[in-house]
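Participant: Pasting a structure here, questions to come.
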Amino acid sequence: MTTLSQRVITGGLLLALIVGCRGPLSSDEGGGKPFVSIGNPLEWGAESSEPRSGTPQRIVATWSDTIRQKMGESAERGFGGRLYFYDSEVDPITVDGRLVIYAFDESNRNPTDHKPTRRYIFPTDQLTKHMSESEIGPSYSVWLPWGGVEGAPTHVSLIARFEPSEGGGLVVSEQARQRLPGRGIATPDSGVEVIANQPSTEGVRQTGFEAPVTVKSVAGTASEEKADRKKLSTTTIRLSR
Numbered sequence: 011m012t013t014l015s016q017r018v019i020t021g022g023l024l025l026a027l028i029v030g031c032r033g034p035l036s037s038d039e040g041g042g043k044p045f046v047s048i049g050n051p052l053e054w055g056a057e058s059s060e061p062r063s064g065t066p067q068r069i070v071a072t073w074s075d076t077i078r079q080k081m082g083e084s085a086e087r088g089f090g091g092r093l094y095f096y097d098s099e100v101d102p103i104t105v106d107g108r109l110v111i112y113a114f115d116e117s118n119r120n121p122t123d124h125k126p127t128r129r130y131i132f133p134t135d136q137l138t139k140h141m142s143e144s145e146i147g148p149s150y151s152v153w154l155p156w157g158g159v160e161g162a163p164t165h166v167s168l169i170a171r172f173e174p175s176e177g178g179g180l181v182v183s184e185q186a187r188q189r190l191p192g193r194g195i196a197t198p199d200s201g202v203e204v205i206a207n208q209p210s211t212e213g214v215r216q217t218g219f220e221a222p223v224t225v226k227s228v229a230g231t232a233s234e235e236k237a238d239r240k241k242l243s244t245t246t247i248r249l250s251r
């Protein structure tokens, strides 16, 4: 048998094998069932690129003091935050609802005073615009303005509260107490008067806030600043609905 004949026979057998394994292509051919695709084996077990959505059970928020500088405008200090929402699973989810951030200026605040100094509101239709993908899943980035950099340093407690659009109850984050630097006072650690390090604010959006207060412009002394740092303590703040 010549090599050409062997190739012809081998090709015919392969063609018959392929047709036989494939079966009928449609219900019109021999009354068989339609051909059903089993998909690309390379995609088996692949996870969906779409993030999960749901009703959160807890909020994890991280905050950092930062400065926002726009061309032609005065520098503005504030807090940059990233929030993660979780249900019963380990990965963060996307949410649908209203986010409120309560800010309490701790400068000479009475421990029994639970009224927030400022309240930052992110309506439902705006909150989705703050979502972006992070290394661990969907997160929400926010910017909380606190006035010009010429203001005196202070400590601010931040609490996030989420109100779902449908179903589920209110979800409140842990209280986070942050130090907000300002000009005019040499800090005990660095000895400088101007904030030099500016964290990146990429992806952070600005929102309006309610109940603004006048920022104290009278600078204290470095010893007063150090004494204030020593008095740091954890205070539980009750939120009224």
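When we follow our numbering, the leftmost residue of the sequence shown carries the number 11, and every step to the right adds one.
Positions of the beta carbon are idealized from the N, C-alpha and C atoms, including for glycine.
Given the structure is predicted, the values throughout are model-derived calculations rather than measurements.
#1: Starting from the C-beta of residue 81, find all residues in its chain whose C-beta is less than 7 Å away, skip the five residues before and the five after it, and write them out in chain order.
#2: Beta carbon of residue 4, beta carbon of residue 71: below 9 Å?
#3: Helix, strand or coil for residue 135? Go by DSSP, reduced to three states.
#4: Under a three-way DSSP split, which group does residue 124 fall into?
#5: Spatial neighbours of residue 62 within its chain, please: CB distance less than 6 Å, with the 5 preceding and 5 following residues excluded, ordered by chain position.
#6: Based on Cα-Cα distance, which residue from 127, 134, 84 lies nearest to residue 118?
#7: Counting only the same chain and skipping the five closest in sequence on each side, list residues whose C-beta sits under 6 Å from that of residue 101.
#8: Given a threshold of 16 other Cβ atoms within 10 Å of its Cβ, counted over all protein chains shown, does residue 123 qualify as buried or as exposed?
#9: If residue 159 sits next to residue 85, beta carbons under 8 Å apart, how far is it from one beta carbon to the other, in whole angstroms?
#10: For residue 180, is the classification buried or exposed, using 16 other Cβ atoms within 10 angstroms of its Cβ as the cut-off for buried?
#11: Excluding the 5 residues flanking residue 65 on each side, which residues of the same chain have their C-beta closer than 7 Å to its C-beta?
#12: Suppose you measure from the CA of residue 185 to the CA of residue 73; what does that come to, to the nearest Å?
#13: Can you have a look at residue 83 and say buried or exposed, based on whether 16 or more other CB atoms are within 10 angstroms of its CB?
#14: Tell me which same chain residues have a C-beta within less than 8 Å of the C-beta of residue 133, skipping the five on either side of it?
#15: Would you kindly work out how many angstroms separate the C-alpha atoms of residue 87 and residue 115, rounded to a whole number?
#16: Classify residue 76: buried if its beta carbon has 16 or more other beta carbons within 10 angstroms, exposed otherwise.
#17: Mark residue 167 as exposed unless 16 or more other C-beta atoms lie within 10 angstroms of its C-beta, in which case mark it buried.
#18: Rounded to a whole number of angstroms, what is the C-alpha to C-alpha distance between residue 154 and residue 91?
#19: Could you tell me which of 94, 161, 59, 78 sits nearest to residue 171, measuring between CA atoms?
#20: Got a sec? Which residues, its chain only, sit under 6 Å from residue 105 by beta carbon, not counting five neighbours each side?
#21: List the DSSP bridge partners of residue 156.
#22: When the Cα atoms are used, what is the spatial distance from residue 60 to residue 89?
Facilitator: Taking the structure as given:
#1: none
#2: Examination of residue 4 is not possible in this model, given that the chain is present from 11 through 251 alone.
#3: helix
#4: coil
#5: 103
#6: 127
#7: 147
#8: exposed
#9: 5 Å
#10: exposed
#11: 97, 174, 177, 178
#12: 11 Å
#13: exposed
#14: 108
#15: 14 Å
#16: buried
#17: buried
#18: 8 Å
#19: 94
#20: 66, 95
#21: Partner(s): none; residue 156 has no beta bridge.
#22: 29 Å
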